[in-house]
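Chains as they are written, first to last, in this note's numbering: chain R, 427 to 612; chain Y, 427 to 612. Read the structure below first, then the notes.
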DNA sequence: GTCTATAGATCGATAGAC
DNA sequence: GTCTATCGATCTATAGAC
């Protein structure tokens, strides 16, 4: 018999979407109870530390997802080129072709960055490091690889900002395609 | 005799810095009164619309500054190449080599974007349009110019996010230098 | 124009019944 | 585990004295 009971794990994706939409300060407990269907009592049962613990859980969940679905293939690539192209495809899918905000990036430029410095730092550092690793497997030297990896990760973040700013997700899609072509012709 | 009286115009840069640091939701009136030295009464005298009017005034101020100091030279360049290099220098100075957040970008990925859609859209659209114009003066065709302009503006935003995320402003400086080299060798 | 005092709403968080 | 009721703090905004 299937348990219908809400588990802590089931709540995290809902929390992620709320924080993506409203930011840390903007995501009130009223909104959170509304969107999760859980009362404050239940929320504090799962996350005794309140909003801060909720964000920490969301960040850990995001980190684990990227580790499995994005970083792993870059860190130990049998075929570096298709690993990078795969990363760009996963990224496009994850950010829903530019219509979904990057929560980690949003937290990074917010004042609350200082409450989750390691989670934010590690997410981007791991992205850059594994991408640079794949680029080195393609024959680039250490500094070339690192520079291009930083350019691509920053470019993705910037495209998300710009796409949302001028309300045109196409900008994101174009950016992903540009990097794909650049990798293919490498 | 110099008037020491605080005018509305004098308050705006202080407000800008508060919103940059704390975001819209995070910038409480308590913080604002503290940082401006003005009581709530005075603030609401200058900005009857409250925080929303304060942000609108800040956005108008930023827009005017960029129009004068950045966009004007790109829109009507006698020397397109040095106009673009000058834009990159001004940008580096304005964002204090990556240690200062872009308020317009921060608002864009926040939920409050929908309260200032035109100001945010116009800021980035004008940046892209004038930069693309300067690139066309350098001999690029319309679509090449637009594509590179979008890439550079997005790259700047992304570098700001990344620099703050991994707490390394050097990333921003490197990004500016990269674009400068790319323009010079165009 | 500037301040203090305060209204009225909402905030995060807790207590305790079930 | 889940809920409702509620706490004290803080929020934006207003009123009114000076």
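The beta carbon of each residue, even a glycine, is placed where N, CA and C say it ideally should be.
From the DSSP output, in three-state form, read off residue i for me.
{"i": "residue 562(R)", "result": "helix"}
{"i": "residue 525(R)", "result": "coil"}
{"i": "residue 434(Y)", "result": "helix"}
{"i": "residue 573(Y)", "result": "helix"}
{"i": "residue 516(R)", "result": "helix"}
{"i": "residue 595(R)", "result": "coil"}
{"i": "residue 467(Y)", "result": "helix"}
{"i": "residue 428(Y)", "result": "For residue 428(Y), the predicted model reports a pLDDT of 45, less than 50, meaning its position is unreliable and no value from the coordinates is stated."}
{"i": "residue 502(Y)", "result": "coil"}
{"i": "residue 543(Y)", "result": "helix"}
{"i": "residue 473(R)", "result": "coil"}
{"i": "residue 508(Y)", "result": "helix"}
{"i": "residue 536(Y)", "result": "coil"}
{"i": "residue 485(Y)", "result": "helix"}
{"i": "residue 611(Y)", "result": "coil"}
{"i": "residue 453(Y)", "result": "coil"}
{"i": "residue 495(R)", "result": "helix"}
Within 8 Å (strictly less), CB to CB, does residue i reach chain R?
{"i": "residue 576(Y)", "result": "yes"}
{"i": "residue 429(Y)", "result": "Only weak support exists for where residue 429(Y) lies, its pLDDT of 43 falling under 50; the coordinates are left without a value."}
{"i": "residue 579(Y)", "result": "yes"}
{"i": "residue 461(Y)", "result": "no"}
{"i": "residue 608(Y)", "result": "no"}
{"i": "residue 456(Y)", "result": "no"}
{"i": "residue 434(Y)", "result": "no"}
Please report whether the beta-carbon of residue i lies at a distance below 8 Å from any beta-carbon of chain Y.
{"i": "residue 484(R)", "result": "no"}
{"i": "residue 449(R)", "result": "yes"}
{"i": "residue 601(R)", "result": "yes"}
{"i": "residue 547(R)", "result": "yes"}
{"i": "residue 531(R)", "result": "yes"}
For residue i, collect the residues of the same chain with a Cβ closer than 7 Å to its Cβ; drop the 5 residues on either side in sequence, then sort them by chain order.
{"i": "residue 563(Y)", "result": "503 and 506"}
{"i": "residue 561(Y)", "result": "571, 574 and 575"}
{"i": "residue 481(Y)", "result": "445, 450 and 542"}
{"i": "residue 595(R)", "result": "523, 524, 525 and 589"}
{"i": "residue 559(Y)", "result": "500 and 501"}
{"i": "residue 552(R)", "result": "497"}
{"i": "residue 479(Y)", "result": "473"}
{"i": "residue 427(R)", "result": "Confidence in residue 427(R) is poor, its pLDDT being 45 and thus under 50, which makes the residue's placement unreliable; the coordinate value appears in the next sentence. Counting only Cβ-Cβ distances below 7 Å, and skipping sequence neighbours, we find nothing."}
Among the residues of its own chain, which have a CB less than 6 Å from the CB of residue i, if the five just before and after it don't count?
{"i": "residue 458(R)", "result": "444"}
{"i": "residue 437(R)", "result": "462"}
{"i": "residue 538(R)", "result": "450"}
Tell me which same chain residues have a C-beta within less than 8 Å of the C-beta of residue i, skipping the five on either side of it?
{"i": "residue 429(Y)", "result": "Confidence at residue 429(Y) is low in this model, with a pLDDT of 43, below 50, so its placement is unreliable and the value that follows should be read with caution. So no residue of the chain qualifies."}
{"i": "residue 484(Y)", "result": "438, 441, 442, 445 and 529"}
{"i": "residue 578(Y)", "result": "557 and 605"}
Check: What are the residues of the segment 581-598 of chain Y that lie near chain R, defined by any Cβ-Cβ distance shorter than 8 Å?
Finding: Of all residues in the segment 581-598 of chain Y, 581, 582, 583, 584, 585, 586, 587, 588, 590, 591, 592, 593 and 597 have a Cβ within less than 8 Å of some Cβ in chain R.
Next item on the list: Check whether the segment 448-465 of chain R touches the segment 503-517 of chain R, taking contact to mean three or more Cβ pairs, one atom from each stretch, closer than 8 Å.
Entry: No: fewer than three Cβ pairs fall under 8 Å.
Check: Is the segment 590-608 of chain R touching the segment 526-537 of chain Y in the sense that three or more CB pairs, one from each, lie closer than 8 Å?
Finding: In this structure the segment 526-537 of chain Y touches the segment 590-608 of chain R; the number of beta carbon pairs closer than 8 Å is three or more.
Margin query: Output needed in chain order: residues of the segment 501-527 of chain Y with a Cβ under 7 Å from some Cβ in chain R.
Written below: Those residues of the segment 501-527 of chain Y placed with their C-beta closer than 7 Å to a C-beta in chain R are 527, ordered along the chain.
Next item on the list: Mind checking the segment 547-570 of chain Y against chain R and listing, in chain order, the residues whose C-beta falls within less than 7 Å of any C-beta there?
Entry: So the close ones are 547, 550 and 551.
Note to self: Short of 9 Å Cβ to Cβ, which residues in the segment 533-546 of chain R face chain Y?
What the structure shows: Of all residues in the segment 533-546 of chain R, only 533, 534, 535, 536, 537, 538, 539, 543 and 546 come within less than 9 Å of chain Y when Cβ atoms are compared, listed by chain position.
Margin query: If the cut-off is 7 Å on Cβ atoms, which residues from the segment 464-478 of chain Y count as contacting chain R, listed in chain order?
Written below: Residues passing the 7 Å Cβ filter: none.
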